[in-house]
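One structure is given below, encoded as structure tokens.
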Amino acid sequence: MNQYHDFNEQIIKLVGGKANIQAVVHCMTRLRFTLKDRSKADTKKLQELEGVIDVVSNNVAYQIIVGTHVNDVYKDLIDQLGMSGDEADQSKTKKNPIKAMLDVISESMNPILEPIICAGLLAAFLSIISLTGLISTDSSTYQIFDALRSAVFYFLPILMAMSCAKRLGASPYLAVVLAATILSEPINNVSGLSLFGIGLPQITYSNSFIPILLAVWFMGYVTKFAKKVIPKSLQYFMSPLVIMLITLPATLLVFGPLGFYIGEGIIGFFNLLMDTIGSWFVMMLYSALQPFIIMLGAGNFIMPVVASLIAANGYDPAFISSCTISDIAVGGAMLGYFLRARNLKQKQLFGTVTLSAILGVTEPAIYGVFVKFRRPFIAVMIGGGLGGLFAGLTGVKAYSIAWGLFGLPAYIGEGDFMNLWLMVAAVAISFIGATIAAYMLGIPVESDEVPAVKEKEQPVSSEMIRSTALKSVVEGEVVPLNEINDQAFSTGALGKGIGIKPISHVIHSPIDGEVLTVFPTKHAIGLRSDQGVEVLIHIGIDTVSLEGKYFTMNVKQGDRVRTGQPIGEVDFEKVREAGYDPTTIVVITNTNDFLDVIPTSNNQLVKSDDLLNIVLQ
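Under this note's numbering, the first residue of the sequence shown carries the number 13, and numbering increases by one thereafter.
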């Protein structure tokens, strides 16, 4: 049995079962599901499932992040689903046409990144070997390996045709035949051609993907038409011929030229952008913001642009460099947290994601750390922005699609070692800048689980012990923290505390102190007592999704509050009817600043009851 069999069984169950899965593909770290009904997916349990880093549901897909072993997970998954890889990739959800095309491009680029990265790195290694004199550029050995490199880009239309055909409702084999035809010697980059007496423009189809993408899209519609009009008894013999007889002329007359001019327009736009505003601005901005783009599930949308730029110029003047700079900045931010952390578990987490980010896989860091701690985003914006600015001002170019530390040879190009050293300097600036920024920004107090060891331990007598009590925030039934159905709270990661199943609608302040924050969705509020106790009141589980509905807050950030003062009201009945657990959680986020936090022994609470006792010293 495959090691991921049980894991995938749980995933299938939690996304709503096989019947709810319309399609599934994968990228470098995540499974991307097209679900018939997303409401059937239990996102909360999926996030808690061991082996799942996070779950992202957006307009792109329902995405389950599992890490760099996603390919092995995917293979077992489609076996359990009884799909072929092609069937699993199909998506029939109706979308906005522009959005649907962007999704197709993005998802079609994923499978062909492997040979593109291989070709890019091979070019760099060949350049290094030839410069050392170990292999001459005139030798047959060099020519053979260089043929492999050039073939990947030359036959890019074939790779794209294979990748996108099923998604667009076309036969992959007929799509490949079409791509091979337009790449053939009588057609590719030939002048003076005509079809049915109509002159054809001279177009170079090699190293491109937009013409074949449009052609295969049209082929999908022709395929549906052929199946409707040709009798079933003749479809096996006649459909392929009819499809090709219609699609090939349409490609040469319409979609080939249209795709060519679209590609030229893309290249022209970005070249104009960089000539007018400057590549420094584009690189600085993208290097700073890439983690946000990844969170939106749009990380691969730039790949078609990059492919077009490399095909036209022989290099990418901005985006791949920015990706690498940003990835290294993420690694730097995690190193800063690693150096700052005082807890062994945190150090292990930060150390692991540091390495993966440096190697070009940032999702574990972004979803496992950034979302929780927030401040690393700022560190990456600082470090990545500085690195991108330097790379833009010095004109760094990427000669192929490869990112992360091992992708640096892609910046050598045709022996352009100065470009390589400038890129090394850019990533060094990015890494060091993000490391320093993250270290200085620090880990939020509520997340830094273990304080530094005090220089000198003092004996504590009963006369020296001081404590303070927190009053109940809402009347109801007491729930031990470890029984709460939210891993972040039940594990104590956010501090010691207690839960309450409410029987009243009024939320009271448990302390005399200050309002630190009121969340925009009103489901949580942060307080600090006059004794320095920092309290988080989290009303309900996953109630952030209600976006403030059924919640009323009477206080704002900076307000003074008194013990027992009503600070908000919640319609808990409506919360329950909406399908949410109303359990209200109270935790001391700076637990480690005190000797102990002791929950009440009562099973039921009224307004005047003590909720928690804080041992101050």
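Built from N, CA and C at the ideal position, the CB exists for glycine as well.
Beta-bridge partners of Gly488 (DSSP): Pro514, Leu617.
Here DSSP, grouped into helix, strand and coil, assigns His535 to coil. When the Cα atoms are used, Ile441 and Met435 turn out to be separated by approximately 10 Å. The distance from the Cβ of Ala422 to that of Gly132 is about 5 Å, consistent with a contact at the 8 Å cut-off.
Straight through space, the alpha carbons of Met346 and Ile124 are spaced by roughly 30 Å. Within its own chain, the residues whose Cβ lies closer than 6 Å to the Cβ of Ala191, once the five positions on either side in sequence are excluded, are Pro169, Ile170, Ala173, Ile224, listed in chain order. Beta-carbon to beta-carbon, Met231 and Ala187 are separated by about 6 Å, close enough to satisfy the 8 Å threshold.
Nearest Cα to Asp593 within the set Gln577, Gly275, Leu558, Val618: Leu558. Within the stretch 244 to 319, complete alpha helix (DSSP H) segments of at least 4 residues are found at 244 to 262, 268 to 285, 291 to 307, given in chain order. Sequence-distant Cβ neighbours of Asp328 in its own chain, meaning closer than 6 Å and more than five residues away, are Val318, Leu321, Ile322, Ala410. In the structure shown, Gln34 adopts extended strand secondary structure according to DSSP, grouped into three states. Our two residues, Ile222 and Ala414, have alpha carbons roughly 21 Å apart in a direct line.
In the three-state DSSP reduction, Gly28 falls in the coil class, being neither helix nor strand. Counted as a single uninterrupted DSSP element, the stretch harbouring Ala481 is not any alpha helix (DSSP H) but the beta strand (DSSP E) occupying residues 479 to 483. Our two residues, Tyr217 and Ala163, have alpha carbons roughly 13 Å apart in a direct line. In chain order, Val490, Asp621 place their CB closer than 7 Å to the CB of Asn614, counting only its own chain and leaving out the 5 sequence neighbours on each side. When DSSP states are grouped into helix, strand and coil, Ala422 belongs to the helix group. Contact check for Val373 against Gly419 fails: the beta carbons are separated by 9 Å or more.
For Arg387, the secondary structure class from DSSP, reduced to helix, strand or coil, is helix. Counting along the chain, no beta strand (DSSP E) covers Met435; the unbroken alpha helix (DSSP H) around it starts and ends at 429 to 453.
Closest option to Trp229, judged by alpha-carbon separation, among Gln616, Glu60, Ile255, Lys244: Ile255. Per DSSP, Ser69 lies in no alpha helix (DSSP H) segment; the continuous beta strand (DSSP E) that holds it begins and ends at 66 to 69.
For Gln75, the secondary structure class from DSSP, reduced to helix, strand or coil, is strand. A check of alpha carbon separations from Gln616 across Val486, Lys534, Gly204, Ile332 identifies Val486 as the nearest. Per the C-alpha coordinates, the member of Phe282, Gly395, Gly404, Pro303 positioned closest to Thr447 is Gly395.
For Phe281, same chain residues with a beta-carbon under 6 Å away, outside a window of 5 residues either side, do not exist. Under the 8 Å Cβ criterion, the stretch 574 to 592 counts as touching the stretch 503 to 520, having at least three qualifying pairs. Rounded to the nearest whole angstrom, the CA to CA distance from Gly290 to Ile337 is 18 Å. Leu146 counts as exposed, since fewer than 16 other beta carbons sit within 10 angstroms of its beta carbon. A straight-line Cα-Cα distance of about 6 Å links Leu297 and Gly397. With a threshold of 16 other beta carbon atoms within 10 Å, Ser334 meets it and is buried.
In terms of Cα proximity to Ile215, the closest of Ile194, Tyr233, Phe382, Leu207 is Ile194. Going by beta carbons, Leu93 and Ala53 fall outside the 9 Å limit. The closest CA to that of Thr235, considering only Ala377, Arg179, Leu285, is found on Arg179. According to DSSP, residue pairing for Thr529 in a beta bridge involves Gly538. Collapsing the DSSP output to three states places Ile413 in coil.
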